[in-house]
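*Asks:* Quick one: this structure, given as structure tokens, is what I'll be asking you about.
Number of protein chains: 2
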Amino acid sequence: MKVESTELRKAGLKVTHPRMRILEILDSQDGKHFTAEDIYRELLDRHDDIGLATVYRVLTQFEAAGMVLKHNFEGGQAVYELDRGKHHDHMVDIESGKVIEFSSEEIERLQHEIAEKHGYVIEDHSLVLYVRPAKRK
Amino acid sequence: MKVESTELRKAGLKVTHPRMRILEILDSQDGKHFTAEDIYRELLDRHDDIGLATVYRVLTQFEAAGMVLKHNFEGGQAVYELDRGKHHDHMVDIESGKVIEFSSEEIERLQHEIAEKHGYVIEDHSLVLYVRPAKRK
DNA sequence: GTTCATGCAAACCCTTTGCAGCCAT
DNA sequence: ATGGCTGCAAAGGGTTTGCATGAAC
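Chains as they are written, first to last, in full-length UniProt numbering: chain A, 1 to 137; chain B, 1 to 137.
Set out below in structure tokens:
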């Protein structure tokens with residue numbers, strides 16, 4: 001039995017064709033971030049007849065199940081990535097649109113320190129650097 | 001002459017009633033973050049007959065002129081605040097919706113270090129901590 | 001056979017835009 | 001006077017939802 005179907009069952013979701021396909025696409029490229037449209041078009045390319053509404057519904061369910069992370073970078077369109085367990089933040093190259101992942105334990109630590117100082121506990125956080133290739137000197 | 005009108009002229013914008021009023025509202029509470037609707041409703045309360053479209057247009061112009069900062073926190077609605085020159089990041093209390101400002105030179109420094117390490121220069125960044133009041137122990 | 005999921009189109013929310021009239025300069 | 005501004009209503013883009021059909025269990 002495929003890994004995907006186990007994942008779905010674990011999340012309490014029926015193993016349906018759309019969910020399997022979408023999960024496969026999300027899993028196909030590590031570190032890649034997809035918009036709902038990206039996935040929809042990929043499905044069309046594969047001649048899978050799955051509606052855009054279903055893509056949104058499935059992504060929302062995956063997010064609720066903790067299988068997928070959703071990010072709202074600038075630009076209106078949300079992007080999704082498979083949650084592979086290692087936390088990271090993002091850098092967006094504003095010239096190419098490319099998304100680079102990074103992580104910094106030190107920043108994480110400082111964030112918790114700051115929240116604590118204000119009497120809070122961090123539930124979630126979002127750190128995005130909008131960057132541009134450095135000019136060679 | 002009021003400070004507001006000087007600000008507007010400096011930005012190359014005509015000194016109109018809507019722009020003055022919106023600027024006044026933004027200036028009325030330091031550290032406060034407004035949605036376009038917040039401002040619109042505030043204007044209605046003051047019996048200023050200004051359309052929501054105008055509020056959006058004016059806020060966009062203010063942002064372009066560097067007078068105002070726009071943030072896209074979770075929840076679909078953008079919030080605006082007067083740019084008073086001191087950079088800061090945000091913490092959002094997910095229970096009350098309250099926005100707390102903070103700043104950390106150390107985090108800023110680490111961000112630049114990370115971007116540089118990847119061959120990039122930071123153009124902009126967004127750091128938001130979604131927090132919950134700490135339980136008393 | 002039930003229950004849950006899907007496709008389609010319509011609805012939704014926030015934001016932007018076209019246009020004719022109005023106001024600041 | 002004239003060019004930029006405004007209000008209104010309509011359009012826009014991304015996302016969600018209602019409903020009848022269809023698939024998974």
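The C-beta atom is built at its ideal place from N, Cα and C for all residues, glycine as well.
Do you know offhand how far Ile107 of chain A's Cα is from Leu13 of chain B's?
*Replies:* Ile107 of chain A and Leu13 of chain B: Cα-Cα distance of roughly 40 Å.
*Asks:* For the candidate residues A:Tyr56, A:Val121, A:Tyr80, whose alpha-carbon lies nearest to that of Gly31 of chain A?
*Replies:* Checking every option, the nearest Cα to that of Gly31 of chain A belongs to A:Tyr80.
*Asks:* Please list, in chain order, all residues of the same chain as residue 139 of chain A whose beta carbon is under 7 Å from its beta carbon, the five residues on each side excluded.
*Replies:* There is simply no residue 139 of chain A to check, as chain A begins at 1 and stops at 137 in what is shown.
*Asks:* Hey, could you find the ends of the alpha helix (DSSP H) Arg19 of chain A is sitting in?
*Replies:* 17-28 is the extent of the alpha helix (DSSP H) around Arg19 of chain A.
*Asks:* If you draw a straight line from the C-alpha of His47 of chain B to the C-alpha of Phe34 of chain B, how long is it?
*Replies:* Their Cα atoms are separated by approximately 18 Å.
*Asks:* Excluding the 5 residues flanking Tyr40 of chain A on each side, which residues of the same chain have their C-beta closer than 7 Å to its C-beta?
*Replies:* Excluding positions up to five away in sequence, the list reads Leu52, Val55.
*Asks:* Quick one: list the residues of chain B neighbouring residue 165 of chain A, beta-carbon separation under 9 Å, in chain order.
*Replies:* The shown model of chain A, from 1 to 137, leaves out residue 165 of chain A, and the question about it has no answer.
*Asks:* With 16 other CB atoms within 10 Å as the buried threshold, where does Asp45 of chain B fall?
*Replies:* With fewer than 16 Cβ atoms within 10 Å of its Cβ, Asp45 of chain B is classed as exposed.
*Asks:* Let me make sure I understand the geometry here. Which of A:Tyr120, A:His71, A:Asp93 has the alpha-carbon closest to that of Arg132 of chain A?
*Replies:* Selected option, being the one with the closest Cα: A:Asp93.
*Asks:* Checking contacts by CB at 7 Å: is Val121 of chain A closer than that to chain B?
*Replies:* Chain B contact via Cβ: present.
*Asks:* Contact defined as beta carbons within less than 8 Å: I believe Phe73 of chain B pairs with Val128 of chain B. What is the distance between those atoms, to the nearest angstrom?
*Replies:* Yes, they are in contact, since the Cβ atoms of Phe73 of chain B and Val128 of chain B sit about 6 Å apart, within 8 Å.
*Asks:* Tell me which residue opens and which closes the alpha helix (DSSP H) that Glu95 of chain A is part of.
*Replies:* No alpha helix (DSSP H) contains Glu95 of chain A, which DSSP labels as neither H nor E.
*Asks:* Residues in the same chain with beta-carbon distance under 7 Å from Glu42 of chain A, minus the five sequence neighbours each way, listed in chain order, please.
*Replies:* Around Glu42 of chain A: Ile25.
*Asks:* Considering only the alpha carbon of each residue, which of B:Glu101, B:Ile122, B:Gln77 lies closest to Arg109 of chain B?
*Replies:* Measuring from the Cα of Arg109 of chain B, the nearest candidate turns out to be B:Ile122.
*Asks:* So, is the C-beta of Ala64 of chain A closer than 7 Å to a C-beta in chain B?
*Replies:* Ala64 of chain A does not count as touching chain B.
*Asks:* Does Asp89 of chain A pass the burial test, meaning 16 or more other C-beta atoms within 10 Å, or should it be called exposed?
*Replies:* It is buried - the Cβ of Asp89 of chain A has at least 16 other Cβ atoms within 10 Å.
*Asks:* State yes or no: is the beta carbon of Gln111 of chain B nearer than 7 Å to at least one beta carbon in chain A?
*Replies:* True, the Cβ-Cβ gap to chain A drops below 7 Å.
*Asks:* Do you know how far the Cα of Pro18 of chain B is from the Cα of Ile50 of chain B?
*Replies:* Going from the Cα of Ile50 of chain B to the Cα of Pro18 of chain B covers about 6 Å.
*Asks:* The alpha helix (DSSP H) spanning Ile122 of chain B covers which residue range?
*Replies:* No alpha helix (DSSP H) holds Ile122 of chain B; the beta strand (DSSP E) holding it covers 120-133.
*Asks:* Hey, could you find the ends of the alpha helix (DSSP H) Lys10 of chain B is sitting in?
*Replies:* Run containing Lys10 of chain B: 3-10, per the alpha helix (DSSP H) assignment.
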